[in-house]
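Reading through the structure tokens given below for one structure.
Residue numbers (our numbering), protein chains in the order written: chain A, 1 to 118; chain B, 119 to 236; chain C, 237 to 354.
Shown next as structure tokens:
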């Protein structure tokens, strides 16, 4: 696929990192699912990759514990959106998309990209 | 929600980290699901947040490979409980709750909390 | 269970790390599911543990966004295979199994093993 993702994929990242935002599976922004919006914006920004991992239980800032066992449908379950790119680009992405990230637990850690082509 | 979680949320962490414990989805302690117990104790301890991520396959210390494809029900599947707080508090939490963590793979890494309010 | 896993479990890791490979749930290699093959090879190599985490949405190198919401079956969903062992062993594992990892996003980060027995 042409576009910023392919271009970004071939350029080595100088300070690779992983941004993780913990959110509720059903959180919405402007009638769209928040995790969808974050993934779409990450893609539009040309970031290296994004994955939404499904949680089955958890609590965050609100202190409520949500679990699949108490609910018939997957309502209000935790999810973690994981985005990999350059650390500085990830911080900028989080700041530029404050409407998505504000008030949520957002973490960033350094990592190494393992490239077998070297 | 009042309580230690809300208080902890407003205080910046000095050395933020993430504790991950890999366990079996169906592991129990005193007739309760182990991942429930860990999440509840993390909440009671006022830790910043906890999420149980669902695994579909894996092996740990026992060396058995469990997978959704061999089983009709989600029996003996892996899960990862992820807890974010100060590194030292996470180490203390693991030691204090040795009945939950003993003999399991438990990892801890440093990370940065991304705070858009700054 | 006897074998390399049990032996590896008792030996402390000098530079523990976590390797994560992001892939498509349905990716195959020689007619076998890729995530199965990676977990089986990790086990055969005596690595400490491996877990396949289920994603519900995401994009990687191809730039396509896959989601559970557009599909009736869990087709082409993202997954993350997480393997914990010594960093150098993880790099070697990735290089030796280039047929599984080539062209995929593979990350490695340092971490600490929390051992309550100390």
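For every residue, glycine included, the Cβ atom is placed at its ideal position computed from N, Cα and C.
These numbers were taken from a predicted model, which means no experiment stands behind them.
Note down, in chain order, every chain B residue with its Cβ under 8 Å from the Cβ of residue 98(A). 234
Assumed close pair residue 25(A), residue 105(A) - CB separation to whole angstroms, cut-off 8 Å: By a beta-carbon distance limit of 8 Å, residue 25(A) does not contact residue 105(A). Their separation comes to about 15 Å.
In the segment 247-308 of chain C, which residue ranges form an unbroken beta strand (DSSP E) of at least 3 residues, counting only runs that do not cross its ends? 252-260, 285-295
Residue 326(C) (DSSP reduced to helix, strand or coil): helix
Between residue 343(C) and residue 114(A), is the Cβ-Cβ spacing less than 8 Å? yes
For a contact defined as C-beta to C-beta under 7 Å, what are the partners of residue 50(A) on chain C? 294, 295
Could you pull out every residue in the same chain whose Cβ sits closer than 7 Å to the Cβ of residue 94(A), ignoring the five residues on either side in sequence? 19, 101, 106
Less than 8 Å between CB atoms is the rule here; does residue 108(A) satisfy it with respect to chain C? Output row for residue 108(A): interface = no.
Short of 7 Å in beta carbon distance, which residues of its chain neighbour residue 229(B), apart from the five on each side in sequence? Order them along the chain. 134, 135, 136
In chain order, what residues of the same chain lie with their CB nearer than 6 Å to the CB of residue 12(A), ignoring the 5 residues before and after it? none
CA-CA distance, residue 241(C) and residue 280(C)? Here the model assigns residue 241(C) a pLDDT of 40, short of 50, so the residue's position is not dependable and the matter cannot be decided.
Residue 55(A) and residue 27(A) - do their beta-carbons sit closer together than 8 Å? no
Taking C-beta pairs closer than 7 Å, name the residues in chain C that residue 84(A) reaches, listed in chain order. Those within 7 Å of residue 84(A) in chain C are 341, 343.
Residue environment, residue 125(B), which counts as buried when at least 16 other CB atoms sit within 10 Å: Residue confidence is low: residue 125(B) scores 42 on pLDDT, short of 50, so the model does not pin down where it sits. Its coordinate-derived value is still stated next. Exposed, because fewer than 16 other Cβ atoms sit within 10 Å of the Cβ of residue 125(B).
Between residue 73(A) and chain C, is there a C-beta pair that is closer than 8 Å? Per-residue confidence for residue 73(A) stands at a pLDDT of 44, beneath the threshold of 50, marking its modelled position as unreliable; the derived number appears in the next sentence. No, its Cβ sits nowhere closer than 8 Å to a Cβ of chain C.
If residue 98(A) and residue 234(B) are in contact, beta carbons under 8 Å, what's the gap, nearest whole angstrom? 5 Å
List the residues of chain C that residue 162(B) touches, going by C-beta distances under 9 Å, in chain order. Those within 9 Å of residue 162(B) in chain C number zero; the least Cβ separation is about 19 Å.
Please work out which residues of its chain come closer than 7 Å, Cβ to Cβ, to residue 132(B), disregarding the five sequence neighbours upstream and downstream, and give them in chain order. 204
Three-state secondary structure (DSSP) at residue 347(C)? coil
Taking only beta-carbon positions, decide if residue 348(C) is within less than 8 Å of chain B. Interface criterion met: the Cβ of residue 348(C) is under 8 Å from a Cβ in chain B.
Can you pull the chain A neighbours of residue 139(B), defined as C-beta to C-beta under 9 Å? Under the 9 Å cutoff, chain A gives no residues; its nearest Cβ is about 13 Å from residue 139(B).
Residue 80(A) CB to nearest chain B CB: under 8 Å? yes
Short of 6 Å in beta carbon distance, which residues of its chain neighbour residue 278(C), apart from the five on each side in sequence? Order them along the chain. 286, 319
Is it right to say residue 175(B) is buried, meaning 16 or more other beta carbons lie within 10 angstroms of its own, or is it exposed? buried
Please name the residue in 266(C), 259(C), 325(C) whose C-alpha comes closest to that of residue 282(C). 325(C)
Please classify residue 227(B) as buried or exposed, where buried requires at least 16 neighbouring CB atoms within 10 angstroms. buried
Quick one: using the 10 Å Cβ neighbour count with 16 as the cut-off for buried, is residue 221(B) buried or exposed? Classification of residue 221(B): exposed, given that the 10 Å Cβ count is below 16.
Please decide whether residue 290(C) counts as near chain A, where near means a Cβ-Cβ distance under 8 Å. yes
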